[in-house]
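Taken in sequence, the protein lines are chains A and B.
The first sequence: position 65 = 65 (the working numbering), numbered continuously.
The second sequence: position 101 = 351 (the working numbering), numbered continuously.
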Amino acid sequence: MMANQTISLEVFRYHPETDEKPRYQTYQVPFHEDWVVLDALNYIKDQVDGTLTYRWSCRMGVCGSCGMMVNGDPKLTCAAFLKSYSGPIRVEPLTNFPVIRDLVINFDDFLHKLKEVKAWMIPKEERPLAQGEYLQTPAELAQFKQYSMCINCMLCYAACPVYGLEPKFLGPAAIALAQRYNLDSRDGAKDERAEIVSSSEGIWECTFVGECTRVCPKHVDPAGAIQQAKVINTQDWWLAFLMPWGKKSS
Amino acid sequence: MTTKEYHRPMPALWWLHNSQLILFMIRELTSVFVAGYAVFLIVLISKVNDDRAFKETLHCPTALVFQIIALPFVLFHSVTWFNLTPKAIVLFRGEERVNPLMIAGGHYVLWVLVSGLILLVAV
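Right, here's the structure in full:
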């Protein structure tokens with residue numbers, strides 16, 4: 001395409017004060033080879049329609065706040081180049097979440113689930129600072145490093161039909177992050193997390209669709225994390241069943 | 251402050267959204283044929299001490315039609331799950347993750363060996 005050409009964006013609009021239902025508004029924006037969908041939205045906001053509402057921050061695929069549906073697929077709009085699309089580009093808020101306004105979703109449910117699975121480090125034993133760092137070998141780091149790449153962008157939740165059909169499901173990112181800490185040699189709260197992770201709303205709700213892994217911009221592989229958690233959970237159950245006097249595997 | 255949020259309904263045909271979802275649904279549906287095969291196997295086992303009844307069950311037209319229909323679905327089910335095994339089984343050699351192809355390949359090798367063994371015993 002030439003530099004003076006334009007491309008049209010069909011943008012999901014919803015204003016709770018005036019709209020009963022969402023509508024789509026079409027905007028013509030200049031086409032630039034190096035523009036991403038977020039640049040086009042910023043152009044609309046700055047030059048055409050200041051009422052358009054959406055989240056963004058870093059513009060470099062790190063903050064995870066500019067996730068939207070681009071032509072029906074969950075994408076970080078800062079990484080979705082206009083040149084990758086032909087014809088009108090439809091931009092919508094992430095699916096499976098309530099819409100607050102235009103492209104802004106309410107992700108309280110995700111934050112609640114992160115808290116439920118205790119997605120933070122709970123050391124095996126608290127140590128005074130004088131004892132120094134909690135050391136870890138490169139091999140121990142390799143066990144969980146992939147899952148620590150999650151940026152909480154929630155594209156996986158938008159892609160997951162299980163979460164769409166059953167909102168009680170903990171969902172891909174929360175379980176992947178729980179697994180990230182469970183596999184960390186410095187952490188000691190696997191059993192605490194197991195109560196929620198291995199519940200009916202946790203790993204066993206997942207039917208391994210695999211869409212979460214496909215759309216993850218950081219290659220975290222949440223589907224893999226969930227299946228591995230299932231294997232470990234099953235091993236623990238059998239060990240507890242066969243050797244009730246023994247200690248669970250770590 | 252409370253706002254009126256818009257909740258988008260899940261489309262009834264969500265699984266037609268892309269080819270991966272369609273393949274997923276096919277994989278789920280093939281479970282019916284796997285269950286059918288399991289029932290067929292139980293019936294055969296119940297007749298294992300009666301050679302004539304065993305062969306009649308195996309060769310009756312209904313069983314043959316079922317097997318012809320079910321076999322491709324069960325193969326699809328097996329292949330798709332074998333290909334997914336590296337997701338569930340992650341092994342490390344030091345800092346290096348064992349190649350996922352080795353995990354899936356190991357399952358195929360085991361499949362061939364077990365099938366060969368069963369054929370050997372049957373023949």
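By construction, the Cβ of each residue, glycine as well, lies at the ideal position given by its N, Cα and C atoms.
Residue interval of the alpha helix (DSSP H) (run including S328 of chain B)
As a first step, residue 328 of chain B must be located in the second sequence, where it is residue number 78. Looking at the DSSP string, the run of the alpha helix (DSSP H) that includes S328 of chain B is P311 to A338.
Residue burial classification, L111 of chain A (beta-carbon count within 10 angstroms, cutoff 16)
To locate residue 111 of chain A, count along the first sequence from 1; it is residue 111. L111 of chain A comes out exposed.
Is N96 of chain A near Y163 of chain A, with beta carbons less than 8 Å apart?
Looking up residue 96 of chain A in the first sequence gives position 96. Looking up residue 163 of chain A in the first sequence gives position 163. Cβ atoms of N96 of chain A and Y163 of chain A: closer than 8 Å.
Just grab the DSSP bridge partners of F342 of chain B for me.
Taking the first residue of the second sequence as 1, we reach residue 342 of chain B at position 92. Its beta-bridge partners are B:R347.
Should P222 of chain A and A176 of chain A be called a contact, given that it needs their Cβ atoms to be closer than 8 Å?
Against the first sequence, residue 222 of chain A aligns to sequence position 222. Against the first sequence, residue 176 of chain A aligns to sequence position 176. For P222 of chain A and A176 of chain A, yes; Cβs fall inside 8 Å.
Chain B residues whose Cβ lies nearer than 7 Å to that of A130 of chain A:
As a first step, residue 130 of chain A is located in the first sequence; it is residue number 130 there, counting from the start. Near A130 of chain A there are no residues of chain B at all, since even the closest Cβ is about 30 Å away, more than 7 Å.
Going by DSSP, what residues sit across from R101 of chain A in a beta bridge?
As a first step, residue 101 of chain A is located in the first sequence; it is residue number 101 there, counting from the start. A:V104.
CB-CB under 7 Å to F208 of chain A, same chain, minus the five flanking residues each way: which ones, in chain order?
Taking the first residue of the first sequence as position 1, residue 208 of chain A is located at position 208. A223 and Q227, listed in sequence order.
Within 10 angstroms of the Cβ of F169 of chain A, are there 16 or more other Cβ atoms? Answer buried if so, exposed if not.
Residue numbering aside, residue 169 of chain A sits at position 169 when the first sequence is read from its first letter. That one is buried.
Whole beta strand (DSSP E) runs in the segment 137-174 of chain A with 3 or more residues, listed along the chain?
none
Proximal chain A residues relative to L271 of chain B, where beta-carbon distance stays under 8 Å:
The sequence position of residue 271 of chain B within the second sequence is 21, counting from 1. The answer, in chain order, is P161, V209 and E211.
What would DSSP say about G67 of chain A, mapped onto helix, strand or coil?
Working through the first sequence from its first residue, we reach residue 67 of chain A at position 67. Correct three-state label for G67 of chain A: strand.
Is the segment 151-158 of chain A touching the segment 83-98 of chain A, taking contact as three or more C-beta pairs under 8 Å?
yes
Against chain B, which members of the segment 14-30 of chain A pass a CB distance test of less than 7 Å?
Y14, P16 and P22
7 Å Cβ shell around S249 of chain A - same chain, five flanking residues per side excluded
Stepping through the first sequence from its first residue, residue 249 of chain A is reached at position 249. Reliability fails at S249 of chain A, whose pLDDT of 48 lies under 50, so the model's placement of it is uncertain and the value that follows must be treated cautiously. Cβ neighbours of S249 of chain A beyond the five flanking positions: Q235, D236 and L239.
So is E346 of chain B buried or exposed if we call it buried at 16+ other beta carbons inside 10 Å?
To locate residue 346 of chain B, count along the second sequence from 1; it is residue 96. The residue in question, E346 of chain B, is exposed, as its Cβ has fewer than 16 Cβ neighbours within 10 Å.
Please classify H219 of chain A as buried or exposed, where buried requires at least 16 other C-beta atoms within 10 Å of its C-beta.
Counting from one through the first sequence, the residue named residue 219 of chain A turns up at place 219. Counting Cβ neighbours within 10 Å, H219 of chain A comes out exposed, since fewer than 16 surround it.
Measure from the alpha carbon of N333 of chain B to the alpha carbon of each residue in B:I318, B:N349, B:F342 and B:A320, then state which is nearest.
Locating residue 333 of chain B in the second sequence gives position 83, where the first residue counts as 1. Answer by Cα proximity: B:N349.
Determine, using beta carbons only, whether K230 of chain A comes closer than 8 Å to chain B.
Looking up residue 230 of chain A in the first sequence gives position 230. For K230 of chain A, the answer is yes, since a Cβ of chain B falls inside 8 Å of its Cβ.
Same chain, Cβ closer than 8 Å to R101 of chain A, neighbours up to 5 away in sequence not counted:
Walking along the first sequence from the start, residue 101 of chain A turns up at place 101. Around R101 of chain A: Y14, H15, P16 and T53.
State the Cα-Cα distance for the pair M1 of chain A and Q28 of chain A, rounded to the nearest angstrom.
For this step, residue 1 of chain A is matched to residue 1 along the first sequence. For this step, residue 28 of chain A is matched to residue 28 along the first sequence. Caution is warranted here: a pLDDT of 49 is assigned to M1 of chain A, below 50, making its placement in the model unreliable, and the coordinate value is therefore given only provisionally. Distance between the alpha carbons of M1 of chain A and Q28 of chain A: 15 Å.
Determine the burial state of K190 of chain A: buried for a count of at least 16 other Cβ atoms within 10 Å of its Cβ, exposed for fewer.
Taking the first residue of the first sequence as 1, we reach residue 190 of chain A at position 190. Counting Cβ neighbours within 10 Å, K190 of chain A comes out buried, since at least 16 surround it.
For chain B, is any of its Cβ atoms less than 8 Å away from the one on N182 of chain A?
Counting from 1 along the first sequence, the entry for residue 182 of chain A is found at position 182. Answer no: the Cβ-Cβ gap between N182 of chain A and chain B never drops below 8 Å.
Name the chain B residues whose beta carbon is nearer than 7 Å to that of P138 of chain A?
Working through the first sequence from its first residue, we reach residue 138 of chain A at position 138. Correct list: E345.
Assign P244 of chain A to one of two classes, buried (16 or more other C-beta atoms within 10 Å of its C-beta) or exposed (fewer than that).
Numbered from its first residue, the first sequence carries residue 244 of chain A at position 244. P244 of chain A comes out exposed.
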